[in-house]
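Residue numbers (our numbering): 49 to 270.
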Amino acid sequence: MVAYSFTNTHGIRQIRKSATLGGAFVAAAVLMASPAIAADRGYAVTVYGGYRGAGSFTDANTDQRLKLESNGAVSFALDLPYDEARQYQIFVSEQRTNLALDTAASAGGSNRLSMDIYYLHFGGTFFWDGQAGQGAYIVGGLGATLFNPGQGYKSELYPSINVGFGYQWPLGNTFAVRAEARGYGTLVNSSSGVFCSGGCVVSIKGDSIGQGELMLGLSARF
Numbered sequence: 049m050v051a052y053s054f055t056n057t058h059g060i061r062q063i064r065k066s067a068t069l070g071g072a073f074v075a076a077a078v079l080m081a082s083p084a085i086a087a088d089r090g091y092a093v094t095v096y097g098g099y100r101g102a103g104s105f106t107d108a109n110t111d112q113r114l115k116l117e118s119n120g121a122v123s124f125a126l127d128l129p130y131d132e133a134r135q136y137q138i139f140v141s142e143q144r145t146n147l148a149l150d151t152a153a154s155a156g157g158s159n160r161l162s163m164d165i166y167y168l169h170f171g172g173t174f175f176w177d178g179q180a181g182q183g184a185y186i187v188g189g190l191g192a193t194l195f196n197p198g199q200g201y202k203s204e205l206y207p208s209i210n211v212g213f214g215y216q217w218p219l220g221n222t223f224a225v226r227a228e229a230r231g232y233g234t235l236v237n238s239s240s241g242v243f244c245s246g247g248c249v250v251s252i253k254g255d256s257i258g259q260g261e262l263m264l265g266l267s268a269r270f
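In structure tokens, the structure reads:
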């Protein structure tokens, strides 16, 4: 049986502050690196828009799948030079979606919990053609996923990974277009209550939650 509880909004304010740390970190990295950026033009900033496929939790009491709705996502990547074909990458992403709490909600009903999902990953890219910034590449990273539910519920933070591939088309010396497909895996490994703050939204079981995304980005090299 799925249970609900409501608390004050202080927890949400704290989580929203925490969720901005990833973006602040990236912005600070850009500012600190700016002298080197101007020197070797080996850095790049990319803003993505994407459509992320769902994922789901499993109710430990009923074995019912509680689906995350597919929805749009916004991402930001900072690429730092490693060698001619490889780059380090700091990747931050946000998706605002809903968790369907029963079968009726999965079919479009109202029994849903708003859910913001944030990824912060550190990894890199490798370009097959041997020159960073053009052609086909693979990408990946390790970090964390923050599930931030609405209505005063407690957030949950888990380790996660992303892997993907893409293609980059240069538009002159500075700008480029990127098309990517990424998969995300979050390690949950739980059979207990989650999103609990005086009471639990749901008791889950399972090892991981997976999501997939198609992305289109505009990259600026410096």
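For each residue, glycine too, the CB sits at the ideal point set by N, CA and C. This structure is a prediction, so every number in the text was calculated from the model and none was measured.
Under DSSP, the beta-bridge partners assigned to Trp217 are Val225. Closest in alpha carbon position to Ser203, among Gly171, Arg100 and Leu161, is Leu161.
When secondary structure is reduced to three states using DSSP, Ala148 falls in the strand class. When secondary structure is reduced to three states using DSSP, Asp107 falls in the strand class. If you check the CB distance, Gly212 and Leu190 do not come in under 8 Å. Going by DSSP, Phe174 is part of the beta strand (DSSP E) stretching over Arg160 to Phe175. Taken through DSSP and simplified to helix, strand or coil, Ser251 comes out as strand.
Going by DSSP, Tyr130 is part of no beta strand (DSSP E) at all; its letter is neither H nor E. By the neighbour-count criterion, in which 16 or more other beta carbons inside 10 Å mark a residue as buried, Gly120 falls on the exposed side. Closest option to Ala227, judged by alpha-carbon separation, among Ile186, Asp111 and Gln143: Ile186. In the DSSP assignment, Leu116 falls outside any beta strand (DSSP E) and carries neither an H nor an E. As a beta-bridge residue in DSSP terms, Gln135 pairs with Pro129 and Thr173. Within its own chain, the residues whose Cβ lies closer than 8 Å to the Cβ of Gly101, once the five positions on either side in sequence are excluded, are Ser118, Gln259, Gly260 and Glu261, listed in chain order. Counting of Cβ neighbours within 10 angstroms places Pro197 among the buried residues, the total reaching 16 or more. Looking at the backbone, the Cα of Ala125 and that of Tyr167 are separated by about 11 Å. In the DSSP assignment, Tyr99 falls within the beta strand (DSSP E) that extends over Ala92 to Arg100. The Cβ atoms of Ala148 and Leu194 lie no closer than 8 Å to each other. Between Thr110 and Gly265, the C-beta gap is not smaller than 8 Å, which leaves the two residues out of contact.
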